[in-house]
Amino acid sequence: MNTPRQPTDFRILSVIPPMTQLNTPYPATAYLTGFLRSRGFQAEQTDLALLLVLELLSRAGLPKLKEAAEAIAPKKRSATLKIFLNEYERYLAAIDPAMALLQGKDGSIGHRICSRAFLPEGPRFKSLDNYIDDDGGDPLAWAFGALGVQDRARHLATLFLNDLADVIREAVDTRFEFVRYAESLAQSQASFNPLSTALAAPPTAVDTTLQNLAKIQVDRSKPDIVLISVPFPGSVYGAFRIAQTIKAHNSKILTVLGGGYVNTELRELAEPRLFDYFDYVTLDDGEKPLLALFEHLAGQRPRLNLVRTFTRVDGAVRYFNASEPDIPFEEVGTPTWDGLPLDRYLSLLDMLNPMHRLWSDGHWNKLTVAHGCYWKKCSFCDVSLDYIGRYDAASAKTLVDRIERIIEETGHTGFHFVDEAAPPKALRAMAEELQRRNLAISWWGNIRFEKSFTPELCLQLADSGCIAVSGGLEVASDRLLALMKKGVSVDQVARVTRAFTDAGVLVHAYLMYGFPTQTVQDTVDALEYVRQLFAANCIQSGFFHRFSCTVHSPVGLNPAEYGIRLQPLPPGKFAKNDVHFIDPTGVDHDRLGKALNKALYNFMHGIGLDEDVRAWFDERVPKPRVSRHFIAKALTTG
462 MNTPRQPTDF RILSVIPPMT QLNTPYPATA YLTGFLRSRG FQAEQTDLAL
512 LLVLELLSRA GLPKLKEAAE AIAPKKRSAT LKIFLNEYER YLAAIDPAMA
562 LLQGKDGSIG HRICSRAFLP EGPRFKSLDN YIDDDGGDPL AWAFGALGVQ
612 DRARHLATLF LNDLADVIRE AVDTRFEFVR YAESLAQSQA SFNPLSTALA
662 APPTAVDTTL QNLAKIQVDR SKPDIVLISV PFPGSVYGAF RIAQTIKAHN
712 SKILTVLGGG YVNTELRELA EPRLFDYFDY VTLDDGEKPL LALFEHLAGQ
762 RPRLNLVRTF TRVDGAVRYF NASEPDIPFE EVGTPTWDGL PLDRYLSLLD
812 MLNPMHRLWS DGHWNKLTVA HGCYWKKCSF CDVSLDYIGR YDAASAKTLV
862 DRIERIIEET GHTGFHFVDE AAPPKALRAM AEELQRRNLA ISWWGNIRFE
912 KSFTPELCLQ LADSGCIAVS GGLEVASDRL LALMKKGVSV DQVARVTRAF
962 TDAGVLVHAY LMYGFPTQTV QDTVDALEYV RQLFAANCIQ SGFFHRFSCT
1012 VHSPVGLNPA EYGIRLQPLP PGKFAKNDVH FIDPTGVDHD RLGKALNKAL
1062 YNFMHGIGLD EDVRAWFDER VPKPRVSRHF IAKALTTG
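For our numbering, count along the sequence shown from 1 and bump the result up by 461.
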């Protein structure tokens, strides 16, 4: 008599598909693997995004790029390809040392790289011309000074890799990028046709490399089930290529799709063809849906009682969602990076923006202080979705226990808290627990610039290891902040950000333009506020992004409340997220955005902080209505 199979008998492999991050593992597989192991499962993980790049950009991989570049007619070769072919032997000699430098394995090569005579320099190096001073001196001296050899070398090595990525894109696969790989095939794409067509096309050399890596990992792990997490549209194509490969290689392996992209864009999934690649698709946090799925596959739970799971039944897409509580955040276990090659990730130094550098440079253990957002009111945010709307915190003891176990496993004491907005009370409790245990870490994360962050709390957080915070100032306008339901004002943001700065913490501001009813006057006023915030050393870093209306946000759900009219969504059974809208103001926000980004770039470098902000615009704009001493006054009267 056969012994019934138990859910924990299944061998599970979690996969990070290309592209996510190259400097540190995207945390989804670490979270799931840690949780599943805590429940007795045989769970492994692999990062095929990293492995793909390491295979392509290596002494063994470059000959394939050369062959592809040579196949292009000489008259059709770009400057990038011509330099690559003309300097091929130098590329071949430099690739492995450059990668070793970026992996932190061979710092000595940094001196040769800084000489500017070792790496072949393609078009990407032209960006250095932006830094040349009036005397024609060292173009990177302002950023790295007379010393800083390693940082300077890593910036040059990153430009070198970007040149090679351009070669791949021009000669091998036009969709290739280190982050937004084939993004247009999936982002708010109502029809599955573009993705289906791409997957049916003959594989490129990039595809072939990814397919071979996927087969190697499957043969090594011998899984019964493969979980593939897609956080962004730029990781969807790679995920489907991997699933397609697995199905062709071993049709008995079950494939499951989940992740941030799925949770946001596939909530109304009705496309049966997706299930040619994936057997199941789960929504929101994966712990409970996966436990239910494994019980179903072991014959212990009927299909009707699956949790937040799509599958194909008799040719049609069905959604099953038994009403069961999620796993409490206190009980999800500790993430584990076991099985991921932490010593092979690449510490890129691409953008000289200090906060962007934290995202792309060095290893950070990614951890969550609390599930969801404690505020969950911002009108531009997907507050109706579980990953924001369901707030659930763990105790400080549990959080610091996780921190200690992760340090013991990885050997790294740097943490990036990936919350939508880390709660002040939880951060204070964590800081006290870290102090009680005399545990030294470095950490950074996203917050709301709310009044709970007093100067005393900012000092306490800095003492606990806080090195940077980022938060949403969005459109620096009290009228628009109120419309957004941010729950903050410009003068309050000034006081909070200055308190962090005075505590020695780097402050990055998320900035927005193009919000409904935003006028040219609003935009000019907002830039004046931002200028003053930089001038007063309240913020040291920032980034402007264009507002995008999503179907799950309050703006998308109640457009009339924000004075706009939504345009009809295209018909389709696949993805749904961004929605176009008509704003009666008729402002050309794209044109204004160029001026905003130009101004911000200069503000971050201490340039133009005393100038009239109207000088950044190509067109005539109104004078700011903001007092030139507004922020200074807010700092002294708060």
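Glycine residues also receive a C-beta, built at the ideal position from the N, C-alpha and C atoms.
Here the structure is a predicted model, which means the values were calculated and not measured.
For residue i, the three-state DSSP class (helix, strand or coil)
| i | result |
| --- | --- |
| Trp436 | Residue 436 is absent from the structure shown; the chain starts at 462 and stops at 1099. |
| Ala777 | strand |
| Ile811 | Correcting the residue identity first, residue 811 is Asp in this sequence and not Ile. Coil, per DSSP. |
| Gln503 | strand |
| Tyr1023 | helix |
| Ser690 | strand |
| Ile533 | coil |
| Ser696 | helix |
| Asp1039 | strand |
| Phe639 | coil |
| Phe653 | coil |
| Thr670 | helix |
| Thr1011 | strand |
| Gln467 | coil |
| His1050 | helix |
| His1090 | coil |
| Tyr722 | helix |
| Asn1058 | helix |
Cα-Cα separation between residue i and residue j, rounded to whole angstroms
| i | j | result |
| --- | --- | --- |
| Ala709 | Gln672 | 10 Å |
| Ala554 | Arg641 | 28 Å |
| Cys1010 | Gly1033 | 19 Å |
| Val774 | Val679 | 27 Å |
| Gly1069 | Arg1075 | 11 Å |
| Tyr780 | Asn623 | 42 Å |
| Val691 | Gly719 | 6 Å |
| Ser645 | Arg1089 | 43 Å |
| Arg1086 | Phe1008 | 23 Å |
| Thr871 | Pro1029 | 49 Å |
| Gly695 | Trp825 | 21 Å |
| Gly1017 | Lys947 | 17 Å |
| Lys543 | Leu523 | 15 Å |
| Leu767 | Gly495 | 22 Å |
| Phe755 | Asn907 | 34 Å |
| Val1012 | Asp983 | 25 Å |
| Trp904 | Thr706 | 39 Å |
| Asp822 | Gly760 | 46 Å |
| Cys834 | Ile849 | 5 Å |
| Ser856 | Pro789 | 12 Å |
| Phe841 | Asp1039 | 11 Å |
| Ala831 | Asp880 | 7 Å |
| Leu922 | Gly583 | 44 Å |
| Ser784 | His877 | 33 Å |
| Gln896 | Asp924 | 9 Å |
| Thr507 | Phe736 | 23 Å |
Opposing strand residues paired with residue i [DSSP bridges]
| i | result |
| --- | --- |
| Gly1003 | Ala970 |
| Tyr741 | Val717 |
| Gly1069 | BP columns for Gly1069 are empty, so no partner. |
| Ile477 | Asp508 |
| His877 | Lys827 and Trp905 |
| Arg472 | Gln503 |
| Ile703 | Paired residue(s): none; Ile703 is not in a bridge. |
| Thr772 | Arg779 |
C-beta atoms of residue i and residue j nearer than 8 Å
| i | j | result |
| --- | --- | --- |
| Leu730 | Val742 | yes |
| Ala997 | Arg940 | no |
| Phe1005 | Asn1058 | yes |
| Asp685 | Arg472 | yes |
| Arg889 | Leu934 | no |
| Leu483 | Val667 | no |
| Leu715 | Asp745 | no |
| Ile902 | Pro977 | no |
| Leu511 | Leu688 | no |
| Arg498 | Thr797 | yes |
| Ile556 | Ser519 | yes |
Return the chain-ordered ranges of every alpha helix (DSSP H) run that is complete within the segment 806 to 871 and spans a minimum of 4 residues.
Counting only runs of 4 or more, we get 815 to 821, 847 to 850 and 857 to 871.
Alpha helix (DSSP H) runs wholly inside the segment 909 to 940, at least 4 long, in chain order:
Look at the segment 909 to 940 and you find these whole runs of alpha helix (DSSP H), each 4 residues long or longer: 916 to 924.
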